[in-house]
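Below is one structure, written out as structure tokens, with a few remarks after it.
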Amino acid sequence: MTSTVELTAETTSRYARVRPDLRLHYHEAGVGNGPTIVLLHGGGPGASSWSNFARNIPVLAQNFHVLAVDQPGYGRSDKPTEHPQYFVHSASALKDLLDHLRITSRVHLLGNSLGGGAAVRFALDYPDRAGKLILMGPGGLSTNLFAPDPTEGVKLLAKFNYEPTRENLAAFLRIMVFDQSLITDELIDERFASASTPEALAATRAMGKSFAGADFEKGMLWRDAYQLRQPVLLIWGREDRVNPLDGALLATKVIPGAQLHVFGGCGHWAQLEKFHEFNRLAIDFLAGVKETQEK
């Protein structure tokens with residue numbers, strides 16, 4: 079089914095109150111197509127589903143029902159500061175959104191960085207709801223075997239969170255990509271306006287704090303990744319300075335149905351820097367051999 083409505087940030091914008099205390103914002107496209115694919119963005123300052131996936135949504139929507147979700151604390155979604163470990167928080171919110179939309183069949187999940195971690199947590203916690211996984215430099219699953227921790231990107235993220243200046247945001251964004259021409263003044267201004275509000279800063283700090291909370295082990299996804307029975311496509315930029323490429327090695331080893339694709343000349347935003355190739359790769363993977371599930 080092909081829509082005649084132009085797919086813009088506003089024409090695809092939707093809201094859903096999934097709990098009495100949580101309203102989520104998401105973008106929807108490809109209604110009537112199937113199956114459903116959920117896009118989960120990264121966790122950088124000012125991140126949102128549209129900022130991460132604007133170039134992917136229209137292409138994916140030609141074949142799939144697309145839900146690009148602003149995770150809790152980001153974009154136009156509510157920004158609670160009291161919550162469990164963030165991957166658990168986001169995965170349970172997604173489950174509630176799917177219940178609200180009465181989507182009970184398996185959904186494919188495409189997650190970047192923080193969103194990749196949330197996608198894995200969703201597949202672990204709700205295995206009967208998760209189809210194939212496409213994970214780009216996923217948080218929690220990435221385990222650096224050679225690169226130091228914290229990485230350059232994580233250090234710059236922390237610096238912005240506690241010194242939220244435009245200069246610090248620009249430094250963080252520039253480390254995200256190999257092609258520096260992608261980091262324009264317009265992008266920096268747009269992300270800074272979203273990231274520097276008191277609500278956004280409080281939510282981001284709460285997200286970071288949750289990785290050291292009582293249930294911090296829920297964020298150590300590499301320990302449980304062997305349980306994944308879905309086909310998993312790992313995508314990495316060779317020049318990723320946030321979650322470096324060596325972080326893919328353990329995941330590739332322990333996930334039964336894993337495959338790895340590496341883009342040269344690419345940083346942490348593979349879906350943006352290599353969007354033509356990325357879109358083809360994602361569609362081919364999702365349309366390929368049917369997923370297998372071990373009961």
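Mind the numbering: the sequence shown is residues 79 to 373 in our numbering, read in order. Note that CB positions come from ideal geometry on N, CA and C, so glycine has one too.
1. If we count the other Cβ atoms within 10 Å of its Cβ and call it buried at 16 or more, is Leu223 buried or exposed?
2. Output yes or no for whether 8 angstroms exceeds the beta carbon distance between Val144 and Leu102.
3. If you run the structure through DSSP and keep just helix, strand and coil, what is Asn357?
4. Per DSSP, what kind of secondary structure is Leu176 in: helix, strand or coil?
5. Leu118 and Asp156: beta carbons closer than 8 angstroms?
6. Looking only at its own chain, which residues have a Cβ that is under 6 angstroms from the Cβ of Val96, when we skip the five neighbours before and after it?
7. When we look at the beta-carbon of Thr86 and count the other beta-carbons within 10 Å, is it buried (16 or more) or exposed?
8. Would you call the CB atoms of Arg244 and Phe270 closer than 8 angstroms?
9. So, at 7 angstroms on beta carbons, what are the nonlocal neighbours of Ala125 in its own chain, with the 5 sequence-adjacent residues on each side left out?
10. According to DSSP, simplified to helix, strand and coil, what is Thr262?
11. Taking the straight line between their C-alpha atoms, what separation do you get for Gly345 and Ile313?
12. Just the C-alpha distance for Phe294 and Leu251, rounded to the nearest angstrom, thanks.
In this structure, then:
1. exposed
2. No, the Cβ-Cβ distance between Val144 and Leu102 is not below 8 angstroms.
3. In the structure shown, Asn357 falls within a helical segment according to DSSP collapsed to helix, strand and coil.
4. It is helical.
5. Cβ distance not < 8 angstroms, so Leu118 and Asp156 don't count as in contact.
6. Leu102, Asp174, Leu175, His178
7. exposed
8. yes
9. His119, Tyr152
10. coil
11. 11 angstroms
12. Going from the Cα of Phe294 to the Cα of Leu251 covers about 27 angstroms.
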